[in-house]
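Notes follow the structure.
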Amino acid sequence: MKIFFFIFFFIFFQFNAANSLIKVDITRGNLDPLPIAVSPLHVDPNSQSLKDLKIKGLGDKISEIIENNFKGTGLFNPLPKDAFVQNPDIAHLKPRFEDWRLIKAQALVTGKILVKDDKLKIEFRLWDLTASKEIMALAFTTTPSNWRRVAHIISDKIYERLTGEDGYFDTRIIYVSETGPKNRRVKKLGIMDQDGANTKYLTLGNELVLTPRFNPTNQLVTYLSYFRNLPRVYLLDIETGVQEVVGNFPGMTFAPRFSPDGKKIIMSFAKDGNSDIYTMDIETRVVERITEHSSIDTSPSYSPDGKYICFNSDRSGVQQIYVMKSDGTNVKRITFGSGLYGTPVWSPRGDLIAFTKVRKGRFYIGVMRADGSGERLLTENFYQEAPSWSPNGRVLVFYRETKSGANGEGFSAKLWSIDITGYNERKLSTETDASDPSWSSLLSK
Amino acid sequence: MTKGLLFSITFHAVMILLTILTLPFMLRDPIDLPPILSVELIQISDKTNIPFAPKARKVIEKVKKEEKRVVSEQAPPSAKAKEKPDRIPLPNEKKDKKKLVEKKQNPEEVKPEIRQSSEFEKKEIIDTNQIAALIDKAKEEAALEQNTADKLTQSSVKNSFVTGLTLSQEDALRAQIFGCWSVPLGLPYDTNLLVRIKLNLKKDGTVLKSEILDHERMNKPGQKFYKILAESALRAVRLCQPLKVPPTGYDKWKELQLNFNPTEMLRG
Chain X
3 MKIFFFIFFF IFFQFNAANS LIKVDITRGN LDPLPIAVSP LHVDPNSQSL
53 KDLKIKGLGD KISEIIENNF KGTGLFNPLP KDAFVQNPDI AHLKPRFEDW
103 RLIKAQALVT GKILVKDDKL KIEFRLWDLT ASKEIMALAF TTTPSNWRRV
153 AHIISDKIYE RLTGEDGYFD TRIIYVSETG PKNRRVKKLG IMDQDGANTK
203 YLTLGNELVL TPRFNPTNQL VTYLSYFRNL PRVYLLDIET GVQEVVGNFP
253 GMTFAPRFSP DGKKIIMSFA KDGNSDIYTM DIETRVVERI TEHSSIDTSP
303 SYSPDGKYIC FNSDRSGVQQ IYVMKSDGTN VKRITFGSGL YGTPVWSPRG
353 DLIAFTKVRK GRFYIGVMRA DGSGERLLTE NFYQEAPSWS PNGRVLVFYR
403 ETKSGANGEG FSAKLWSIDI TGYNERKLST ETDASDPSWS SLLSK
Chain Y
80 MTKGLLFSIT FHAVMILLTI LTLPFMLRDP IDLPPILSVE LIQISDKTNI
130 PFAPKARKVI EKVKKEEKRV VSEQAPPSAK AKEKPDRIPL PNEKKDKKKL
180 VEKKQNPEEV KPEIRQSSEF EKKEIIDTNQ IAALIDKAKE EAALEQNTAD
230 KLTQSSVKNS FVTGLTLSQE DALRAQIFGC WSVPLGLPYD TNLLVRIKLN
280 LKKDGTVLKS EILDHERMNK PGQKFYKILA ESALRAVRLC QPLKVPPTGY
330 DKWKELQLNF NPTEMLRG
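Chain order of the listed sequences is X and Y.
Each number in the working numbering comes from the position in the first sequence (counting from 1) with 2 added on.
Each number in the working numbering comes from the position in the second sequence (counting from 1) with 79 added on.
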């Protein structure tokens, strides 16, 4: 019986001891950018030479593109190359982790380039320096002229691996390129990579163009231009260059945007001083009226699941943002703050709506939840509007104009981006002045 | 027969008594533990013996001049005070410290940070149309604050009683890891992501072994976010080595569990 007692006591106190494991809850961390070392990619000496491309410096160029992409996010801190402690070729095989840790790097990117049979093969590895192990390795084979895209795709893969979120580097931005004096602006459709490279112009500048928007496959663009002196919505195929007027409306159509499945265009149609929202099926050309109100309803934008539409309307007397079901029922006002609200755009993640707010002569770009709560104004300026989301819903691109003199001197329009936390505002580089940007979805998806 | 029965009854009674006395979940309401609260106060006064003591002295003198109040009234501010010791020596972190405290009081209210550039927004707060809303909000904030304070007091009481780590020791450790943990900001804020890491420590605080308690979740399909969070947590632990552990009581903390939960941060 004594033994029985002892066993029982032993088990009892063991249980108590196990229960006393110290537990500490960690609910906060830092938001400092992650220090990352992007080693220049090693060029294989057996690579063949190419006419149009200098292979020798390609490794440095690709690593620079990756670094610039990371710098722009505000989430990474690419370390200066002069501090690097190992040659690219050896680091790619097996980094000396302790040496890289000395320069305070937490992650390391290495890679190798080989050109063979006129094909470019780029491989890269991502190393976790604190765990001393490789956490990702991929290789891409493509035509040599695609090297910039490969650099962006590598950036996307690393970003996704380290943040848990899709990247947004292998994307394009379409915008209205502006040249000439303020009262005689020439406006063309421009398209460029998100980092400002590879700019091309899609229209000649004979007619005014406004509000270009990509479709989900990035193949088509819808925008506003003039047809017989009347603003009309156009559709343009980027690859073929074919453009056409959308629908046969007896009046002016504007503010077009694609539905998330790319099958419809949603836009405003104005007649006799009243504008309402319409959709048109691109295949069947069937037009459907969505709102029917004596006020001005415009700037419609679908939620990513296609079930809801947000738009702005002055039906309450002041321009505010409303949300309704995609068939036009159940209209609800979601903004009640002072000032005017316009250009609502639903985030690709579905959780937020970006907007422009005008109050006391100042312009704000902000975000709020889809029910109108949690309004956050991200940036304020003399004149700025037209936010457009990056495909991962983390960054907004918009345009900002400067104040000009009486004759238009000192006027400029530039593209800017800001992330949804309100930090990391930066100017995008464009060849000309630019306005009305629209961000494409990921090209490689 | 009766002997056996008597023996059995006595044995069961002893067991029940032991259970009540020793098992932590059988404890009474924490309100019944005023002496433990006073112990916490002593530790806070320890913390104030650091470079910024003149300020603290003034406050203490003021408090002394007032009539001595009930101990429990001083207890809630301990939640704020405990942030200080690790952060004061680092001048660069002064601003961050303030922000963190604000967040803690009302996790959902991050507007001040984001609106920093906008003077207009500050004016708008005084808009008469919004006064009613603000009053309601103030009530909510007060309630939240009270809630957080209550929670903290309870958990700290429980922790010091059950585990043997004092508030300041636990805070020192927590603050150290806060600084090392780069939270992956792309994680979804509406998913319940909790990474539990069990550490075996050496006496100097270096990590002998780290083990993710739900490690089988790491390689499951669809658990990409969990894996990224777990990796970031492990990175934080490795970066923080040696951990700030108490000089004594090694047996109590040689095994330690860290629960990483970024939900509050991701919600903003």
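Quick reminder that beta carbons are idealized off the backbone N, C-alpha and C, glycines included.
Model, not experiment: these values are computed from the prediction.
Taking its Cβ as the centre, do 16 or more other Cβ atoms sit within 10 Å of residue i, making it buried, or is it exposed?
i: residue 421 (chain X); result: buried
i: residue 329 (chain Y); result: exposed
i: residue 394 (chain X); result: buried
i: residue 425 (chain X); result: exposed
i: residue 321 (chain Y); result: exposed
i: residue 327 (chain Y); result: exposed
i: residue 47 (chain X); result: exposed
i: residue 255 (chain Y); result: buried
i: residue 95 (chain X); result: exposed
i: residue 382 (chain X); result: buried
i: residue 139 (chain X); result: exposed
i: residue 145 (chain X); result: exposed
i: residue 97 (chain X); result: buried
i: residue 154 (chain X); result: buried
i: residue 235 (chain Y); result: Confidence in residue 235 (chain Y) is poor, its pLDDT being 42 and thus under 50, which makes the residue's placement too unreliable to answer from.
i: residue 374 (chain X); result: buried
i: residue 315 (chain X); result: buried
i: residue 438 (chain X); result: buried
i: residue 34 (chain X); result: exposed
i: residue 287 (chain X); result: exposed
i: residue 85 (chain X); result: exposed
i: residue 294 (chain Y); result: exposed
i: residue 442 (chain X); result: buried
i: residue 37 (chain Y); result: The structure shown does not extend to residue 37 (chain Y), since chain Y is modelled only from 80 to 347, so the question has no answer here.
i: residue 61 (chain X); result: buried
i: residue 287 (chain Y); result: exposed
i: residue 130 (chain X); result: buried
I want to verify the contact list: residues of chain X whose CB lies under 8 Å from the CB of residue i, in sequence order.
i: residue 336 (chain Y); result: 23, 24, 25 and 26
i: residue 340 (chain Y); result: 27, 28 and 29
i: residue 252 (chain Y); result: 26
i: residue 82 (chain Y); result: What residue 82 (chain Y) touches in chain X: nothing, since even the nearest Cβ is about 12 Å away.
Please list the partners that residue i has in chain X, where partner means a Cβ-to-Cβ separation under 9 Å.
i: residue 300 (chain Y); result: Those do not exist, as residue 300 (chain Y) stays about 15 Å from chain X at its closest Cβ, beyond 9 Å.
Mind pulling the chain Y residues with CB within less than 8 Å of residue i?
i: residue 133 (chain X); result: 310, 313, 314 and 317
i: residue 130 (chain X); result: 310 and 314
i: residue 77 (chain X); result: 264
Report the partner residues of residue i according to the DSSP bridge assignment.
i: residue 370 (chain X); result: X:355
i: residue 32 (chain X); result: Y:261
i: residue 339 (chain Y); result: X:28 and Y:274
i: residue 362 (chain X); result: Residue 362 (chain X) pairs with nothing; no bridge assigned.
i: residue 448 (chain X); result: Chain X is shown only over 3 to 447; residue 448 (chain X) falls outside these bounds and no answer can be derived.
i: residue 325 (chain X); result: X:312 and X:334
i: residue 37 (chain X); result: X:79
Give me the chain X residues within the contact set of residue i, using Cβ-Cβ distance strictly less than 7 Å, ordered along the chain.
i: residue 307 (chain Y); result: 166
i: residue 369 (chain Y); result: Shown here, chain Y extends from 80 to 347; a query on residue 369 (chain Y) therefore has no answer.
i: residue 266 (chain Y); result: 166
i: residue 244 (chain Y); result: 24
If the cut is a Cβ gap below 7 Å, which residues of chain Y does residue i touch?
i: residue 34 (chain X); result: 261
Can you confirm whether residue i, when its beta carbon is compared against all beta carbons of chain B, has any partner nearer than 8 Å?
i: residue 323 (chain Y); result: The structure shown contains no chain B; its protein chains are X and Y.
Take every Cβ of the stretch 257 to 268 of chain X, pair it with every Cβ of the stretch 199 to 218 of chain X, and state whether three or more of those distances are shorter than 8 Å.
Touching, yes.
Determine which residues of the stretch 141 to 167 of chain X have a Cβ less than 9 Å from any Cβ of chain Y, and write them out in chain order.
Within the stretch 141 to 167 of chain X, those residues whose Cβ lies closer than 9 Å to any Cβ of chain Y are, in chain order, 161, 162, 163, 164, 165, 166 and 167.
The stretch 102 to 114 of chain X contacting the stretch 80 to 87 of chain X, beta-carbon criterion three pairs below 8 Å
Yes, they touch.
Could you list the residues in the stretch 96 to 116 of chain X with a C-beta less than 7 Å from some C-beta on chain Y, going in chain order?
From the stretch 96 to 116 of chain X, only 108 have a Cβ closer than 7 Å to chain Y.
Any residues in the stretch 277 to 303 of chain Y with a beta carbon nearer than 7 Å to a beta carbon of chain X? Which ones, in chain order?
Within the stretch 277 to 303 of chain Y, those residues whose Cβ lies closer than 7 Å to any Cβ of chain X are, in chain order, 303.
With contact counted as at least three CB pairs below 8 Å, one residue from each stretch, are the stretch 85 to 93 of chain Y and the stretch 223 to 230 of chain X in contact?
Proximity of the stretch 85 to 93 of chain Y to the stretch 223 to 230 of chain X falls short of the contact definition, fewer than three beta-carbon pairs being nearer than 8 Å.
Along the stretch 256 to 277 of chain X, where does the CB come closer than 8 Å to a CB of chain Y? Name the residues.
Flagged: no residues at all.
Determine contact between the stretch 186 to 201 of chain X and the stretch 429 to 437 of chain X, defined as no fewer than three beta-carbon pairs at a distance below 8 Å.
Counting Cβ pairs under 8 Å, three or more are found: they touch.
Indicate whether the contact test is met: 3 or more Cβ pairs, each with one atom in the stretch 373 to 391 of chain X and one in the stretch 347 to 363 of chain X, closer than 8 Å.
Under the three-pair Cβ rule at 8 Å, the stretch 373 to 391 of chain X counts as touching the stretch 347 to 363 of chain X.
Do the stretch 257 to 269 of chain Y and the stretch 295 to 313 of chain Y make contact, defined as three or more Cβ pairs closer than 8 Å?
Counting C-beta pairs closer than 8 Å gives three or more between the stretch 257 to 269 of chain Y and the stretch 295 to 313 of chain Y, which meets the contact rule.
With three or more C-beta pairs closer than 8 Å as the rule, is the stretch 175 to 189 of chain X touching the stretch 274 to 292 of chain Y?
Flag = no, the stretch 274 to 292 of chain Y and the stretch 175 to 189 of chain X do not touch.
Between the stretch 161 to 169 of chain X and the stretch 397 to 414 of chain X, are three or more C-beta pairs nearer than 8 Å?
Verdict: no, contact absent.
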